[in-house]
Amino acid sequence: MTAMELRTVPVDDLAANPDQPRKSFDERSLDELAESIRQFGVLQPILAFAQGPGLVILAGERRWRASRIAGLSEVPVLVVPAESDARTLAGALVENLQRQDLNPLEQAAALDELARRYDLTHEQIGQMVGKSRSYVTSTIALQRLPERAARRVASGVLSAGHAKVLLSLRDPEAIDDAAEQAVAQGMTVRNLEEYCLVARREQATSRRARRPAPPSTPGPLAPRVERLSERLSTRVVIQKGNVGRLVISFADTEDLVRILDCLDSGAGP
């Protein structure tokens with residue numbers, strides 16, 4: 005295993021990761037970070053891995069961009085050598101996570117890089133970084149946040165807990181609106197959960213108004229099935245026949261993982 009190294013690196017020796025899912029960065033937010041860097045310097049090292057003669061950023065692209073705006077010629081970088089194995093890279097992530105050097109979106113990008121670069125499952129990554137599989141999955145999912153909501157999470161105005169609740173809304177415009185309300189009203193994560201639960205019910209009501217009614221659930225089971233549907237934020241139906249079936253709908257693999265996590269935990273999303 006090759007050791008990591010903390011270096012002071014010329015900003016021009018760093019390059020953005022072409023696999024970074026977030027391609028746009030808010031200019032106002034970068035300018036504010038650049039002003040902070042002018043006053044206090046780069047307080048948290050950028051995480052990068054060696055590639056050829058240069059370095060590719062794994063986490064901390066906002067700090068790198070803001071450093072260039074601030075006119076810095078060099079920045080602190082924690083370098084993971086190109087020949088490092090998955091556990092070396094995981095060790096770098098653990099160190100940064102423990103020191104809280106990465107914001108939630110940077111954590112998401114770093115964990116996703118670990119998964120793609122070494123073809124690891126979320127379960128394997130969780131074992132490496134000392135987190136649960138559901139933590140890894142839900143953290144990586146933060147990359148689906150729309151720009152306005154993501155900006156609030158990256159700046160620390162909203163926490164990772166807020167962000168994970170926001171993703172239960174699925175619709176980008178609804179997520180951004182909920183993030184705006186969370187900031188304006190100073191919502192706790194619990195407050196935001198309640199807000200999003202109401203929003204999901206309104207979304208479900210709107211969808212039902214646009215489509216034929218689903219098969220009704222028989223008699224005394226109806227309230228229990230409705231509660232399960234609300235808890236999982238998806239359609240749940242009992243189908244009768246020679247063999248009865250409980251059908252739980254999901255949109256895609258990520259939605260299925262979310263539903264399974266809810267069932268595993270015994271708690272709502």
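One point on numbering: in the numbering used here, the residue at position 268 of the sequence shown is 272, and numbering is uninterrupted.
Heads up, the beta-carbon is just placed ideally off N, CA and C, and yes, glycines get one too.
- Using a Cβ distance threshold of 9 Å, Gly64 and Ile50 count as a contacting pair.
- Per DSSP, the beta-bridge partners of Thr12 are Pro80.
- Measuring C-alpha to C-alpha distances from Gly248 to each of Val261, Ala167 and Leu225 identifies Leu225 as the nearest.
- When C-beta atoms of the region 178 to 196 are compared with those of the region 149 to 163, three or more pairs fall below 8 Å, so the two segments count as touching.
- For Thr192, the closest C-alpha among the options Ser172, Pro176 and Ser163 is that of Ser163.
- The C-beta of Ala74 has 16 or more other C-beta atoms within 10 Å across all chains shown, which makes the residue buried.
- In this structure the region 193 to 204 touches the region 163 to 178; the number of beta carbon pairs closer than 8 Å is three or more.
- Here Ile252 is bridged, per DSSP, to Val240.
- Check the Cα spacing between Leu59 and each of Leu76, Gly45, Ala70 and Pro80: the tightest is with Pro80.
- In the same chain as Glu117, and ignoring 5 residues on each side of it, the C-beta atoms closer than 6 Å to its own belong to Leu62, in chain order.
- Between Glu197 and Val240 a beta carbon distance of about 20 Å is seen, past the 8 Å cut, so the two are scored as non-contacting.
- Here the C-alpha atom of Val261 lies approximately 17 Å from the C-alpha atom of Glu234.
- DSSP lists Ala52 as the bridge partner or partners of Ile61.
- Collapsing the DSSP output to three states places Leu162 in coil.
- For Ala20, the secondary structure class from DSSP, reduced to helix, strand or coil, is coil.
- Leu149 is the residue among Gln128, Ser33 and Leu149 whose C-alpha sits nearest the C-alpha of Ala113.
- Each of Arg194, Cys266 and Val83 was checked against the Cα of Phe254, and the nearest Cα belongs to Cys266.
- Between Val84 and Phe53 the beta-carbon gap is near 4 Å, inside 8 Å, which marks them as a contact.
- Cβ-Cβ distances below 7 Å link Asp17 to Gly58 and Leu59 in the same chain, with the five nearest sequence neighbours on each side left out; the list follows chain order.
- With respect to the 9 Å criterion, Arg66 and Leu37 are classified as neighbours on the basis of their beta carbons.
- In the three-state DSSP reduction, Pro150 falls in the coil class, being neither helix nor strand.
- With a contact defined as Cβ atoms closer than 8 Å, Trp68 and Val140 miss out at about 25 Å.
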